[in-house]
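Novice: Residue numbering for the sequence shown follows the working numbering, starting at 13 and increasing by one per position. Please see the structure below; I have some questions.
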Amino acid sequence: MAPEVYIENLSEHVGKEVKIYGWVYNKRSSGKIRFILVRDGTGILQCVMAKGETPDEVFDKYDLLTQETSLIVSGIVNEDKRAPGGYELHIKNIKIIHIAQDYPITPKEHGIDFLMDHRHLWLRSRRPHAILRIRHRLVKAIRDFFDSKGFVLIDAPILTPAACEGTTTLFETDYFDLGKAYLSQSGQLYVEAAAMAFGKVYCFGPTFRAEKSKTRRHLTEFWMVEPEVAFYELEDIMNLAEEFVEYIVGRVLETSKKEFEILERNTEPLEKIKRPFPRISYNEAVEILKNNGVNFQWGNDFGNTDETIISQQFEKPVLVHHYPAAVKAFYMKRDPNDETYALAFDMLAPEGYGEIIGGSQREDDYDTLLKRIKEHNLPVEAFDWYLDLRKYGSVPHSGFGLGVERTLAWICGLDHVRETIPFPRMIYRIKP
């Protein structure tokens with residue numbers, strides 16, 4: 013009996029009969045030859061039938077096959093460099109499982125709104141399939157990096173009692189009879205607590221921002237990885253961020269050559285992502301904007317266009333540090349030499365992709381942190397536990413957050429982050 017194999021493993025079965033479980037991706041005919049492209053989730057295989065060589069009852073099934081019909085096809089594996097994937101199957105038998113009727117995503121061009129409305133089916137197409145395979149490998153590289161360095165994974169809660177990044181972007185819900193709860197904007201505050209227990213930790217999960225932005229860089233639900241390290245200061249955490257990004261880009265380049273070809277992504281810019289990365293102060297970044305004709309007011313945070321202009325000046329990710337404290341979060345430590353600046357940094361990806369990392373040294377003094385909480389009009393009682401970290405063995409500590417979707421958009425060379433997540437949630441979309 014022919015063994016059941018995946019398309020990605022066909023190189024181990026050349027000259028042998030195998031059985032493939034999959035779906036019809038496309039089909040075409042040329043004279044007495046019939047070609048069926050079959051996908052099984054691991055690849056696409058060209059299957060061949062010839063009139064007079066293939067049994068008539070099998071050959072006649074060709075006319076019944078529609079796009080996305082599920083089937084089992086068996087035959088002999090041949091190596092053929094001209095075929096997709098380098099192998100083809102000479103069909104001996106076809107078993108039809110289910111005939112798909114009027115599959116809506118045809119080989120013709122479709123508008124993005126149509127494709128997003130059919131995202132549950134669009135995932136089967138080559139482009140999103142390649143992007144999400146790269147996402148899988150990016151996530152694995154992220155975990156491998158921190159695991160190899162002795163970090164402990166800490167799962168932060170999704171329902172939280174208070175804001176982390178700002179009250180204006182909270183998703184609110186009723187929490188039984190205890191009042192309001194909010195979808196997490198970040199796991200950072202919780203991993204700060206864990207860092208005081210384990211030294212080096214990270215959380216990795218979904219986060220939510222009720223931000224009414226319709227740009228190509230924004231989602232309302234996205235995934236973020238957030239390391240936090242005890243005894244790290246700003247310089248230490250920037251060094252870690254550089255090493256981290258160099259590693260994950262390198263790993264994805266090694267493992268995703270086929271997918272980059274499908275996306276037609278020029279990987280030469282990614283091959284330049286080697287440490288050290290350029291570092292500039294906020295003030296130097298402002299000068300870049302002014303030199304490029306931008307009427308930017310000092311003290312503002314950078315917008316998407318500003319980040320694009322700044323990042324386009326460099327071939328590698330650039331770290332912008334020492335932002336005005338007024339535009340940064342309450343938990344960021346001020347520069348002891350000039351308290352108008354925060355010991356914070358953003359990493360901007362090259363090729364105009366903007367911010368992929370935001371991080372800082374955290375305020376470790378109890379009285380100062382309490383003052384900041386009050387200045388930001390946050391409820392002190394919601395942060396009692398967070399203040400405790402500054403009462404019992406407080407130490408300097410630092411961390412950052414990397415957004416998976418923005419990073420993947422840069423690595424894949426995509427125009428919009430909506431393609432980087434299986435089922436995107438945006439201000440104007442919550443289906444499918």
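Yeah, the Cβ is synthetic: ideal placement off N, Cα and C, and Gly gets one too.
Between E204 and K192, which are expected to be in contact by the criterion C-beta below 8 Å, what is the C-beta distance as a whole number of angstroms?
Specialist: With 8 Å as the limit, E204 and K192 do not qualify as a contact, their Cβ atoms being about 23 Å apart.
Novice: Should L355 be listed as close to the ligand SAH, given that the test is whether its C-beta is under 7 Å from any heavy atom?
Specialist: You won't find the ligand SAH in this model; it holds no ligand whatsoever.
Novice: Report yes or no: do three or more beta-carbon pairs, one from the stretch 71–90 and one from the stretch 23–41, lie closer than 8 Å?
Specialist: Yes, the stretch 71–90 is in contact with the stretch 23–41.
Novice: Rounded to whole angstroms, what's the CA-CA distance from L144 to L135? Just pull it up for me.
Specialist: Roughly 8 Å separates the two Cα atoms.
Novice: Which complete alpha helix (DSSP H) runs does the stretch 326–397 hold, if anything under 4 residues is left out?
Specialist: For the stretch 326–397, whole alpha helix (DSSP H) runs of length 4 or above, ordered along the chain, are 378–387.
Novice: Are there 16 or more other CB atoms within 10 angstroms of the CB of H333, so buried, or fewer, so exposed?
Specialist: Classification for H333: buried.
Novice: Within this structure, are the beta carbons of I285 and V330 separated by less than 8 Å?
Specialist: The answer is no: Cβ separation not under 8 Å.
Novice: Nearest chain B C-beta to S268 closer than 8 Å, yes or no?
Specialist: Absence of chain B from the displayed structure is noted, only one protein chain being present.
Novice: So, for Y115: in the same chain, excluding its five sequence neighbours on each side, which residues have a beta-carbon less than 8 Å away from its beta-carbon?
Specialist: Taken in chain order, the residues that qualify are T78, Q79, E80 and L133.
Novice: Are L201 and I170 closer than 8 Å when you measure CB to CB?
Specialist: Taking 8 Å as the Cβ cut-off, L201 and I170 do not qualify as a contacting pair.
Novice: Can you name the start and end residues of the beta strand (DSSP E) that M61 belongs to?
Specialist: Its beta strand (DSSP E) spans residues I56 to A62.
Novice: If we call anything under 8 Å between Cβ atoms a contact, is I368 one with R418?
Specialist: Yes; because the gap between Cβ atoms is below 8 Å, this pair is in contact.
Novice: Is the beta carbon of H130 closer than 8 Å to that of I111?
Specialist: Not closer than 8 Å, so no.
Novice: For D72, which of I108, S82, T54 and A95 has the nearest alpha-carbon?
Specialist: When each option's Cα is compared against that of D72, the closest is I108.
Novice: Thinking just about the alpha-carbon of each residue, which of I274, E283, E247 and Y244 is nearest to the one in R263?
Specialist: It is E283.
Novice: Along the chain, where does the beta strand (DSSP E) containing F216 start, and where does it finish?
Specialist: Where F216 is concerned, the enclosing beta strand (DSSP E) stretches over K212 to F220.
Novice: Have a look at R228, T219 and K224 and flag the residue whose alpha-carbon is nearest the alpha-carbon of F234.
Specialist: The shortest Cα separation from F234 among R228, T219 and K224 belongs to T219.
Novice: Excluding the 5 residues flanking V70 on each side, which residues of the same chain have their C-beta closer than 8 Å to its C-beta?
Specialist: These residues qualify, in order along the chain: M61, I103, K104, N105 and I106.
Novice: Give the C-beta separation of I19 and D68 to the nearest angstrom, bearing in mind that I take them to be a contact with Cβ-Cβ under 8 Å.
Specialist: About 27 Å; that fails the 8 Å criterion.
Novice: Mapping DSSP to helix, strand and coil, what is K104?
Specialist: Reduced to three states, the DSSP call for K104 is strand.
Novice: Quick one: residues in its chain with C-beta nearer than 6 Å to the C-beta of G55, no 5 flanking neighbours on either side, listed in chain order?
Specialist: Excluding residues within five positions, the ones whose Cβ falls inside 6 Å are I19, E20 and G97.
Novice: When you compare only the Cα positions, how much space is there between E266 and K443?
Specialist: Between E266 and K443, the C-alpha separation is close to 34 Å.
Novice: Rounded to the nearest angstrom, how far is the Cβ of I300 from that of I321, given a contact under 8 Å?
Specialist: Right, their Cβ atoms sit about 7 Å apart.
Novice: Apart from the five residues just before and just after A297, which ones in its own chain have a Cβ nearer than 6 Å to its Cβ?
Specialist: The answer, listed in chain order, is I322 and V332.
Novice: Runs of 4 residues minimum, wholly inside the stretch 201–272: which ones carry the alpha helix (DSSP H) assignment?
Specialist: The qualifying runs are 246–267.
Novice: Decide if K63 is buried, meaning its Cβ has at least 16 other Cβ atoms within 10 Å, or exposed.
Specialist: Its Cβ having fewer than 16 others within 10 Å, K63 is exposed.
Novice: Is it buried or exposed for R287, if we count other Cβ within 10 angstroms and need 16 for buried?
Specialist: The residue in question, R287, is exposed, as its Cβ has fewer than 16 Cβ neighbours within 10 Å.
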